[in-house]
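> Take this note's numbering: the last position of the sequence shown gets the number 571, and nothing is skipped along the way. Even glycine gets a Cβ: it sits at the ideal position worked out from N, Cα and C. Since this is a predicted model, take the numbers as computed values, not measurements. After the structure tokens below, expect a handful of questions from me.
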Amino acid sequence: MALKTRLATLVSRDAKFRRAIEQIESGEDAVQGFTTLGQFAQQGNVDAQYRVGKAYLEGWGTPPSLEDGTRWIRKAAEAGHVHARLMLATLYLMGFPEGFDENTPSILGDTATRVRQPDFEQALYWGRLAAEAGQPDAQALLGYIQTNGPEELRDRSLAREWYEKAAAGGSAQGHLGLGMALHSYPETDDDLPRGTAELLLAAKAGLATAFYFLGWINEQGIGQPQDFTEAAGYFEKAAERGVIQAQTRFALYLLQGKGVARRIDRAETWLRRAALGRDAEAAALLGDLHIRGEDIAPNYLEAASWYQIAAELGHGPAARGLALLYLTGNGVHRDPDEAAKWFRISAECGDRVADADLGNLALTGVGSEEDRHGMQQRFLQSAENGDLVGAFNVGVCYAEGVGTMRDDTRAAYWMQRAADGVVNAQYWLGRMYLEGRGLTADMSLAVQWLSKAAQARMIEAMILLAQILVSGRGPQGKDHARALELYRDAADLGSAEAFFLAAAMLGGGHEVAPDRREAQRCFRVAAERGHALAQLMLGRYLKKGLAGEVNPVEARIWLERAQAQGITEAGEELSRLERRIGTRG
């Protein structure tokens, strides 16, 4: 064949190849383009093999086929095609369906319903071949495997090196991986700001995870001041790109009006999207929203359906919420047995509050005496079968005479059985030793059990233990510093009583350094939460200027609130305040 003819043939083949690619990518005639590429692939053209495999995987010009796509991608990868090696690594990382065989066509596309099994070693093998050839996205993939793969494949230093190379090569995934690595394992003072800069580059490329991570950085103030407005914006962008956790987070911002205008309707929309994406927290929040009825009428039936979704996904508080609805018959038919089931599930999910709810709710008198007796019998049966939560609950029943005769000795027995695993039982047992109820009074054992419950962050135990330390009744005598620490910890958990007691210690007269400014702040927090004695004390502080601030107008407001709650001393303070104002007048 003459040289001119051979050149024309080559040019014609090249033009035909480029035309086939254009037909597929533009969608102009994808079927024809796929047919042409198939011919080139059969003739051994490696790039055509890669593109045919990709077409099968994406369904471009042909029905999608994981088997055919993988087979052609593998041919190209084995022939040295870098992008094919990256794609094959990605396929292994995603995982093939159980029992997958690329040489055996699946029946009616049943691969979509089978569990996928990632193969990190094969992903690492093919990814390394592409990465060593300089492919930036393959370098990022290698970094991901060595960061998040099985323990034996992890190497944080190597992962960071690969992320550095990928980012330098302009890979958006490389910027993302490097940014997360710098934030997760900072080694120098420059790592956090540099990590944020890398994440901004990934976000500029539109990566949803980068938006979510930037939202978290701004929310937590990691390496920079907190900025809830920026956080809300990033969470919204991540939510729009399908990040389920971001949808829930942005919904919370909308519910609270944090960093964005408060919009219950928009919050509900985002929560529904996240809940339908099987986010347990979103489903639980929807249940809460419909229980509270904020800006919408309460809908207990709707709440029950969302609580059940969340509970089935392992959300303990949602299971407890569902149990409460079954116990009271709101939104669902009243069913104590079903309530008991969901309370148990809640406790098994680690919800500490559910440990006590069954017993404590029985004390409210919900249901008939027959119901309470039946509940006590269920508790007793589960306790006798070794269930610690059941042991605690039957202990409560004996202690308070719920569904049975009151029997402090039996109550103490079951509390002792439950105390090794149930925080509420530790608290009850501590009280029983303290009061000599059903047991011989023993202050050492009382402090021991209350300390265990306090270490588990149970507010009631923290406060009671602190009161013992203030009075000096414990075996070690007074320890006001430790008592104040316990009050502060309980206050951090939201206890108005703890804020009041901490303030009382800081006001003077105790073996800790007085700090009346801090005392007034704590009195204010407790007062704003409705604590009557705190309202009295805040009124006194403002009236007398005990912390330096004299404000008789605000003092009157707080004293009136305390008086309205039955605090007689508040009335006396008001009278003195009125006389003082009158004298000045």
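Where does F86 fall in DSSP's three states?
The residue you call residue 86 lines up with position 100 of the sequence shown. Three-state result, F86: coil.
> With DSSP as the reference, label L450 as helix, strand or coil.
Counted from its first residue, the sequence shown places residue 450 at position 464. In the structure shown, L450 sits in a helix (DSSP, three-state: H, G or I).
> Rounded C-beta distance between L187 and L200? I'm assuming under 8 Å.
As a first step, residue 187 is located in the sequence shown; it is residue number 201 there, counting from the start. As a first step, residue 200 is located in the sequence shown; it is residue number 214 there, counting from the start. In fact, because the Cβ distance is near 11 Å, the residues do not count as touching under 8 Å.
> Is Q29 helix, strand or coil by DSSP?
Sequence index remark: in the sequence shown, residue 29 carries index 43 (1-based). Coil.
> Spatial neighbours of A482 within its chain, please: C-beta separation below 8 Å, excluding the five flanking residues on both sides.
The residue given as residue 482 occupies position 496 in the sequence shown. Hits under 8 Å: V511, A512, R515, G516, H517, A520.
> Does N204 pass the burial test, meaning 16 or more other C-beta atoms within 10 Å, or should it be called exposed?
The residue labelled residue 204 in the question sits at position 218 within the sequence shown. That one is buried.
> Thinking C-alpha only, which one of F509, M73, M444, A116 is nearest N410?
Position 424 of the sequence shown, counted from the first residue, corresponds to residue 410. For the residues F509, M73, M444, A116, the minimum Cα distance to N410 belongs to M444.
> With a Cβ-Cβ cutoff of 8 Å, do L524 and Q551 count as a contact?
Translated into the one-based positions of the sequence shown, residue 524 becomes position 538. Translated into the one-based positions of the sequence shown, residue 551 becomes position 565. No, they are not a contact pair.
> Taking the Cβ atom as the reference point for each residue, do I59 and Y36 lie within a distance shorter than 8 Å?
Position 73 of the sequence shown holds residue 59. Position 50 of the sequence shown holds residue 36. Yes.
> Taking DSSP as the reference, what is the three-state secondary structure of R142?
Within the sequence shown, numbered from 1, the residue matching residue 142 stands at position 156. In the structure shown, R142 sits in a helix (DSSP, three-state: H, G or I).
> Are the Cβ atoms of I277 and P284 separated by less than 8 Å?
Counting from 1 along the sequence shown, the entry for residue 277 is found at position 291. Counting from 1 along the sequence shown, the entry for residue 284 is found at position 298. Their beta carbons are under 8 Å apart, which means I277 touches P284 by this criterion.
> Once DSSP output is grouped into helix, strand and coil, what is the label at R542?
Indexing the sequence shown from 1 puts residue 542 at position 556. In the structure shown, R542 sits in a helix (DSSP, three-state: H, G or I).
> Here's a check: name, in chain order, each residue in its chain whose Cβ is nearer than 6 Å to the Cβ of E497, leaving out the five neighbours to either side.
The count along the sequence shown starts at 1 and reaches residue 497 at position 511. Closer than 6 Å at Cβ, skipping near neighbours: H466.
> Mind checking K190: buried by the 16 CB within 10 Å criterion, or exposed?
Start at 1 with the first residue of the sequence shown, and residue 190 comes out as number 204. Classification of K190: exposed, given that the 10 Å Cβ count is below 16.
> Which value, in whole angstroms, describes the spacing of the CA atoms of D213 and G243?
Position 227 of the sequence shown, counted from the first residue, corresponds to residue 213. Position 257 of the sequence shown, counted from the first residue, corresponds to residue 243. Using only the alpha carbons, I get a separation of about 14 Å.
> Cβ of A119 within 8 Å of Cβ of Y149?
One-based indexing of the sequence shown puts residue 119 at position 133. One-based indexing of the sequence shown puts residue 149 at position 163. No, these two residues do not count as a Cβ contact at 8 Å.
> Pull up the CB-CB distance for E53 and E14, whole angstroms please, since I reckon it's below 8 Å.
As a working mapping, residue 53 is identified with position 67 in the sequence shown. As a working mapping, residue 14 is identified with position 28 in the sequence shown. So it is not a contact: roughly 27 Å between Cβ atoms.
> Is the beta carbon of A145 less than 8 Å from the beta carbon of A167?
Here residue 145 refers to the residue found at position 159 of the sequence shown. Here residue 167 refers to the residue found at position 181 of the sequence shown. Cβ atoms of A145 and A167: closer than 8 Å.
> Helix, strand or coil, according to DSSP, for A556 in the structure here?
Walking along the sequence shown from the start, residue 556 turns up at place 570. Of the three classes helix, strand and coil, the one that applies to A556 here is helix, per DSSP.
> Can you check DSSP and say which residues form a bridge with Q103?
Position 117 of the sequence shown holds residue 103. Paired residues: F82.
> Along the chain, where does the alpha helix (DSSP H) containing H169 start, and where does it finish?
If you number the sequence shown from 1, residue 169 lands on position 183. Taken as a continuous stretch (DSSP letters only), the alpha helix (DSSP H) holding H169 covers 158 to 170.
> Within the region 177 to 249, note down every full alpha helix (DSSP H) run reaching 4 residues or more, in order along the chain.
For the region 177 to 249, whole alpha helix (DSSP H) runs of length 4 or above, ordered along the chain, are 177 to 190, 194 to 206, 214 to 226, 230 to 242.
> Would you tell me roughly how many angstroms separate the C-alpha atoms of A580 and K327, rounded to the nearest one?
With the chain represented from -13 up to 571, any question about residue 580 goes unanswered, as that position is not in the structure.
> Count the other CB atoms within 10 Å of the CB of A556; is the residue buried (16 or more) or exposed (fewer)?
Stepping through the sequence shown from its first residue, residue 556 is reached at position 570. The residue is buried, with at least 16 neighbouring Cβ atoms inside 10 Å.
> Which stretch, first to last residue, makes up the alpha helix (DSSP H) that contains R320?
Counting from 1 along the sequence shown, the entry for residue 320 is found at position 334. Run containing R320: none; DSSP gives neither H nor E here.
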